[in-house]
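Residues 201 to 391 (this note's numbering) are what the sequence shown spells out, left to right.
For glycine and all other residues, C-beta sits at the position ideal for the given N, C-alpha and C.
For reference, the structure discussed in these notes is given below.
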Amino acid sequence: MSGERLAMVRRRVGSPLLRSARPGDAAGIARVHVEAWRTTYAGSLPGAFLRGLSVPEHTARWTRMLRPGGDTVLVIEDGEAGIVGFGSAGPARQAEMPVGDWQGEIYTLYLLTDWQGRGLGRALIHGLFDRLVDAGMERIALWVVAANPTRFFYEAMGGRAVARRCEPFAGIMLDEIAYGWRFDLAHGDAA
């Protein structure tokens, strides 16, 4: 992301800071990841699965992922609360993508419930879009659980439903929707 774009994102976010994740952020990201899953998917995923989520296990996973040359990972950090949101993105995992020529994929985007509705999710997704577009990816998609009420956020951000699937997960069949965005690299705008 260019310095000018990052400065604009920082101004939009306000007090919390949008920045690239560092290896030392693994525990904070893991805490948000587990807490966000427990609140977002309560009633949609089995309670035993959600209770079994482990911050130490997720910390180990994120420690492996936060390596130089790895996926793009951005965090929203508050001076007092620490990391309150994060997102990750990179090249589209072709086995995961719907029919079409998707180049980039947003793998994760989570924001703690108390921090939603402040424009932080918007800043986070725009930061991820900027990173992917800067890397030359103009067709970007993501998968979201259909029962996830925050999926409407992706629609409000201009995402168009491009595919559906039903996959086994945690002992149930999980309905998912893929949202897609197309950017015009010549003009830097969503098409």
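- Which class does residue 278 belong to by DSSP, given the choice of helix, strand or coil? It is a strand residue.
- Look at the Cβ atom of residue 328, then the Cβ atom of residue 289, and state whether they are nearer than 9 Å. Yes, the Cβ-Cβ distance between residue 328 and residue 289 is below 9 Å.
- Could you tell me the distance, in whole angstroms, from the CA atom of residue 332 to the CA atom of residue 370? Annotation: residue 332 to residue 370 spans about 30 Å, alpha carbon to alpha carbon.
- Could you tell me whether the region 307-317 touches the region 250-261, where touching means 3 or more Cβ pairs closer than 8 Å? Output reads no: the region 250-261 does not touch the region 307-317.
- Message: Which of the three DSSP states is assigned to residue 241 in this structure?
- Response: Reduced to three states, the DSSP call for residue 241 is coil.
- Task: Could you tell me the distance, in whole angstroms, from the CA atom of residue 202 to the CA atom of residue 321?
- Result: Interpretation of residue 202 is limited by its pLDDT of 47, a score under 50 that renders its predicted location unreliable; the figure taken from the coordinates is listed afterwards. Approximately 20 Å, taken between the alpha carbons.
- Message: Can you tell me whether residue 301 is helix, strand or coil according to DSSP?
- Response: Residue 301 falls in the coil class under three-state DSSP.
- For residue 283, which residues does DSSP report across the bridge? Answer is 277.
- Assumed close pair residue 225, residue 266 - CB separation to whole angstroms, cut-off 8 Å: Separation of the CB atoms of residue 225 and residue 266 is rounded to 7 Å, and the pair is thereby assigned contact status at 8 Å.
- By how many angstroms is the C-alpha of residue 222 removed from the C-alpha of residue 241? Looking at the two C-alpha atoms, the distance is approximately 27 Å.
- Could you check the C-alpha separation between residue 204 and residue 326 for me, to the nearest Å? Only weak support exists for where residue 204 lies, its pLDDT of 47 falling under 50; the coordinates are left without a value.
- Please name the residue, chosen from 366, 380, 381, that lies closest to residue 374 on a Cα-to-Cα basis. Ranking the options by Cα distance to residue 374, first place goes to 366.
- Query: Would residue 216 be called buried (16 or more neighbouring beta carbons within 10 Å of its own) or exposed?
  - Reply: So residue 216 counts as buried.
- Query: Counting along the chain, where does the beta strand (DSSP E) carrying residue 355 start and finish?
  - Reply: No beta strand (DSSP E) holds residue 355; the alpha helix (DSSP H) holding it covers 351-356.
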